[in-house]
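Each protein sequence line maps, in turn, to chains A and B. When we follow my numbering, the leftmost residue of the first sequence carries the number 59, and every step to the right adds one. When we follow my numbering, the leftmost residue of the second sequence carries the number 32, and every step to the right adds one. The beta-carbon is built from N, C-alpha and C at its ideal position, and this holds for glycine as well.
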Amino acid sequence: MNENQKNKPRGAKKTIFIIALSFLAGIINGFVGTGGGIVMVFLLFRLYGGGEENTKIVFARTLLTVFPMSFAALTVYLRNSAVDTALILRVALPAVLGGIAGALFMDRIDKRLLNLIFALLVIYSGISMVRG
Amino acid sequence: MGLGIGGGGFFVIYLTLCRDYGQIVAQGTNLLFFLISAFASLMVHMKKRKLFSRELIPIILISVPATALGAYLANILSPKIAKISLGILLILSGVITLTKVIRAYIKEKNEKNCKKDFTK
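Rendered as C-alpha cells:
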C-alpha cells in the first residue's frame, strides 16, 4: 500500500469527509464568489491521491465540480442584481483564451511548479484582500 | 484559470481594488467571468482525459445547494465579512500548498543525497 492509498479516507469516515467538505466548498464558493475550488482540490486529492497524472485530473475534476456550484451561485447574485454583465462582455474573449491556454499549458509544466505557482498566487491574493 | 483553479480570487481583487467595485458585485461578476473561462477550459480537459467519475455525484449534489445558501448569505450579510473571509481562506490555502511543495522538495533532495552516499 503506497502513501496515497494510506491517506485515503474509507467507509463512514469517507462519507462524512465528502459531505462536510462538499458543503464547505459550496458555502465558501457562494459566500465569497470563489474559493470553493481550493476546498475541492483538497477533497479530490484525498479521494484520488497525488502523483503527476492525478494532479492534472484532480485540477480538471475540480473545475468540473466548481462549474455547477458557480452557476448556482450566479443565479442568486443575478437575482440581487450583483453582476456587471457589461464588463463581462468586454473581458469574455480574453477569459476564454486564457482558459484554453491554461488547460493546454497544464500538461507542459511539472506538478511541483504548478503547486508553487498556485501557492504564491493565492497567498498574494489573500494578503491583498485582508489588507483591503 | 485553465490550470483548474486560482483565477477567481484575482478577478475579485482587480474589480475591488483597481475598479472600485463593491465586494458583492465583484463576487457576482467574478462568478460569471469564471463560468465563461472555465467552460472553455473544461472543453479542453474533457477532450484530453476522462473527467467524470461516480464519486463526483454526491459532491455535486451537496455542494450546489450549499453554494446557493452561501450566495444568499453573502447578499444579506456585510460585504466586509465576505472580503476578509476570502483573504483568510486564500492565505491559509497558499501556506498549506507552499508547505507541501517545500516538504516534497526537501524529501527529494534527501533521497538524492542518500543515493549518492550509497553509490560512493
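Which residue comes first and which comes last in the alpha helix (DSSP H) that contains A/Val141? From DSSP, A/Val141 is part of no alpha helix (DSSP H); its letter is neither H nor E.
In whole angstroms, what separates the C-alpha of A/Ile74 from that of B/Val126? 25 angstroms
Where do the N-terminal and C-terminal ends of the alpha helix (DSSP H) with A/Arg170 fall, by residue? 169-189
Can you say whether A/Ala130 is buried or exposed, counting buried as having 16 or more other CB atoms within 10 angstroms of its CB? buried
May I ask you to report which of helix, strand or coil DSSP gives B/Tyr52? Under the three-state reduction of DSSP, B/Tyr52 is assigned to coil, being neither helix nor strand.
Neighbouring residues, chain B, relative to A/Ile146 (Cβ below 9 angstroms): Thr60, Leu63, Phe64, Ile67
Does any residue of chain A bring its CB to less than 9 angstroms from the CB of B/Leu34? Residue confidence is low: B/Leu34 scores 40 on pLDDT, short of 50, so the model does not pin down where it sits. Its coordinate-derived value is still stated next. With 9 angstroms as the cut-off, B/Leu34 counts as an interface residue toward chain A.
Could you list which residues in chain A have their beta carbon closer than 9 angstroms to that of B/Ile119, in chain order? Gly184, Met187, Val188
Would you say B/Leu129 and A/Ala177 are within 9 angstroms of each other, going by their C-beta atoms? yes
Identify the contact partners of A/Gly109 in chain B, using a Cβ-Cβ distance below 7 angstroms as the criterion. None at all; the shortest Cβ gap to chain B is about 12 angstroms.
Just to confirm, are B/Ser72 and A/Ala150 a CB contact at a threshold of 9 angstroms? no
Indicate the three-state DSSP secondary structure (helix, strand or coil) for B/Ser116 in the structure shown. helix
Please list the terminal residues of the continuous alpha helix (DSSP H) segment that includes A/Lys71. 69-90
Determine the extent of the alpha helix (DSSP H) in which A/Tyr106 is found, giving its start and end residues. 94-106
Consider the Cβ of A/Asp168: report whether some Cβ of chain B lies at a distance smaller than 9 angstroms. no
Going along the chain, which residues of its own chain have a beta-carbon closer than 7 angstroms to the beta-carbon of B/Ser116, five neighbours each way excluded? none
Let me make sure I understand the geometry here. Which of A/Thr92, A/Ile76, A/Met127, A/Ala118 has the alpha-carbon closest to that of A/Gly157? A/Ala118
Does the separation of the CB atoms of A/Ser128 and B/Ala69 fall below 9 angstroms? yes
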